[in-house]
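A.B. asks: Here it is, the structure in full.
Number of protein chains: 2
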Amino acid sequence: MSQETNGMMEGWLALTQIQLSVAAKLEQELQSKHNWSLNDFYLLYFLSVAPDKKLRLQQLETMIGLSQSAVSRLVSRFEARGCGALRRHVCEEDRRSVYTALTEIGEAEVAAAYDTFIRVLRESLPERELEAAVETMLAVNAPASEANVSGD
Amino acid sequence: MSQETNGMMEGWLALTQIQLSVAAKLEQELQSKHNWSLNDFYLLYFLSVAPDKKLRLQQLETMIGLSQSAVSRLVSRFEARGCGALRRHVCEEDRRSVYTALTEIGEAEVAAAYDTFIRVLRESLPERELEAAVETMLAVNAPASEANVSGD
DNA sequence: TTATAATACATGCATGAGCATGCATTTAAT
DNA sequence: ATTAAATGCATGCTCATGCATGTATTATAA
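Residue numbers (this note's numbering), protein chains in the order written: chain A, 44 to 195; chain B, 44 to 195.
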């Protein structure tokens, strides 16, 4: 466990903590203000910026970063709430696929949730810590990592 | 959804994707090479760098970033495997607390897993994308964000 | 001392996630 | 045209997690 690997470790742990805590804050605010989970928001957001505001499940997988089954159920659950933000219909060019499309109601809701999202991001992102964590990792992993570049 | 907020969003999404994919790679390698989950590794790692190589559950909560119940069960499951890397004993100064201590067997296993961890981190960390994502977020969130600092 | 509150961990329960698999549809091979 | 393989989504199962709560211990108040 050398100096360098330790820096790499510290940087990664710090980055992970930051990601976790900001994501928790986002989840919390989206939940209380819009009754959405973070993944609900990602789902609707990616639809809102997609051409024709519709995507097949497969496309959502990589965007949201969930497994195929998880996306299938995420959309199912959301649709089952009956809030009318989503609509699913079989893709006519390939009847195996299913399109998930954003409705006008959904568009408005996404826009509102987006504002919340960005606000919380601005407020809760620990900029200095994030920059420090990343710099630590990059410095440690650089070719000439012999030099002591740590601030403290 | 202005230019600036969009940059913030893009940066956050990129950061999240990076964290997810690297964590998945770490999990995968730890699982195949050491039969540990990522949280298993974090647990044993934090013990290995703790004074006397032991910690109370409460201390592990914030370190690992899990709830109290999740940590309780994480330790329980690990101990229940009977691989002898962990030992739990009631804290004598405060009999409500439980110490989770690393054994010598555990120390050796952590050292091996640590090497794997750092190697995967070095190999799979997308440095340029990470730096770009963070810079995007910081630039967008900076006071003088009028200036166009985006590369494309 | 005794009663009340606070603390630390364990556990029942509900939920979301991944894996393996099933079903329907499309594509490729013959 | 027929058959086999591949693709896209749904679903049964298991498991890890968070919340609410229970239990044991310690701290505080009277």
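Note that CB positions come from ideal geometry on N, CA and C, so glycine has one too.
Ignoring anything shorter than 4 residues, give me the alpha helix (DSSP H) runs that lie fully in the segment 94-163 of chain B, in order along the chain.
C.D. replies: You should have 100-107 and 111-123.
A.B. asks: Going straight from the alpha carbon of L7 (chain B) to that of E170 (chain A), what length do you get?
C.D. replies: No answer is possible for residue 7 (chain B): the residues shown for chain B start at 44 and end at 195.
A.B. asks: Taking C117 (chain B) as the reference, which of B:T143, B:T159 and B:E150 has the closest Cα?
C.D. replies: Reading the sequence as shown, one finds Leu at residue 117 (chain B) and not Cys. L117 (chain B) has its Cα closest to that of B:T143, out of B:T143, B:T159 and B:E150.
A.B. asks: In the segment 71-104 of chain A, which residues sit with their C-beta less than 7 angstroms from some C-beta in chain B, listed in chain order?
C.D. replies: Of all residues in the segment 71-104 of chain A, none has a Cβ within less than 7 angstroms of some Cβ in chain B.
A.B. asks: Quick one: grab the DSSP three-state call for L168 (chain B).
C.D. replies: L168 (chain B): coil per DSSP, three-state reduction.
A.B. asks: Taking the alpha carbon of S119 (chain A) as the reference point, which residue from A:M52, A:K68, A:V141 and A:V92 has its own alpha carbon closest?
C.D. replies: The shortest C-alpha separation from S119 (chain A) is found at A:V141.
A.B. asks: Note down, in chain order, every chain B residue with its Cβ under 8 angstroms from the Cβ of Q62 (chain A).
C.D. replies: The contacting residues are L58, T59 and Q62.
A.B. asks: Hey, would you say A128 (chain A) sits closer than 7 angstroms to I148 (chain A), going by beta carbons?
C.D. replies: Cβ atoms of A128 (chain A) and I148 (chain A): closer than 7 angstroms.
A.B. asks: Reducing DSSP to helix, strand and coil, say where N78 (chain A) ends up.
C.D. replies: Reduced to three states, the DSSP call for N78 (chain A) is coil.
A.B. asks: Give a yes or no on contact between the segment 158-168 of chain A and the segment 121-138 of chain A, applying the rule of three or more CB pairs nearer than 8 angstroms.
C.D. replies: No: the two stretches stay apart, fewer than three of their Cβ pairs being nearer than 8 angstroms.
A.B. asks: Please confirm if E18 (chain B) has its CB atom under 7 angstroms from at least one CB of chain A.
C.D. replies: Residue coverage of chain B in this structure runs from 44 to 195, which leaves residue 18 (chain B) outside it and unanswerable.
A.B. asks: Where does A175 (chain A) sit, in a helix, a strand or coil, going by DSSP?
C.D. replies: Three-state result, A175 (chain A): helix.
A.B. asks: Along the segment 126-150 of chain B, what residues have a CB closer than 9 angstroms to any CB found in chain A?
C.D. replies: Within the segment 126-150 of chain B, no residue has a Cβ that lies closer than 9 angstroms to any Cβ of chain A.
A.B. asks: Got a sec: is the Cβ-Cβ distance from G50 (chain B) to anything in chain A below 7 angstroms?
C.D. replies: It does not: the Cβ of G50 (chain B) has no partner Cβ on chain A nearer than 7 angstroms.
A.B. asks: Kindly say whether R165 (chain B), judged by its beta-carbon, lies nearer than 7 angstroms to any beta-carbon of chain A.
C.D. replies: Yes, R165 (chain B) counts as interfacial toward chain A.
A.B. asks: Rounded C-beta distance between E172 (chain B) and I61 (chain B)? I'm assuming under 8 angstroms.
C.D. replies: Contact holds; Cβ gap of about 6 angstroms.
A.B. asks: Going along chain B, which residues have a C-beta under 7 angstroms from V177 (chain A)?
C.D. replies: Here the neighbours are L173, E174 and V177.
A.B. asks: I need the straight-line Cα distance from F121 (chain B) to A155 (chain B), nearest angstrom please.
C.D. replies: Distance between the alpha carbons of F121 (chain B) and A155 (chain B): 17 angstroms.
A.B. asks: Going by other Cβ atoms of all chains shown within 10 Å of its Cβ, with 16 needed for buried, is V183 (chain B) buried or exposed?
C.D. replies: That one is buried.
A.B. asks: Less than 7 angstroms between CB atoms is the rule here; does L181 (chain B) satisfy it with respect to chain A?
C.D. replies: Closer than 7 angstroms: yes.
A.B. asks: Quick check: what's the CA-CA separation for D83 (chain B) versus A113 (chain B)?
C.D. replies: Cα to Cα, D83 (chain B) sits roughly 12 angstroms from A113 (chain B).
A.B. asks: Taking the CB atoms as reference points, tell me whether G50 (chain A) and A176 (chain A) lie closer together than 7 angstroms.
C.D. replies: No, these two residues do not count as a Cβ contact at 7 angstroms.
A.B. asks: Measure the Cβ-Cβ separation of L145 (chain B) and S91 (chain B) and say whether it is below 7 angstroms.
C.D. replies: Yes; because the gap between Cβ atoms is below 7 angstroms, this pair is in contact.
A.B. asks: Let me know the secondary structure DSSP gives V65 (chain A) once reduced to three states.
C.D. replies: Correct three-state label for V65 (chain A): helix.
A.B. asks: To the nearest angstrom, report how far apart A185 (chain A) and L87 (chain B) are at their CA atoms.
C.D. replies: Their backbone Cα atoms lie some 28 angstroms apart in a straight line.
A.B. asks: For chain B, is any of its Cβ atoms less than 7 angstroms away from the one on I161 (chain A)?
C.D. replies: It does: the Cβ of I161 (chain A) has a partner Cβ on chain B nearer than 7 angstroms.
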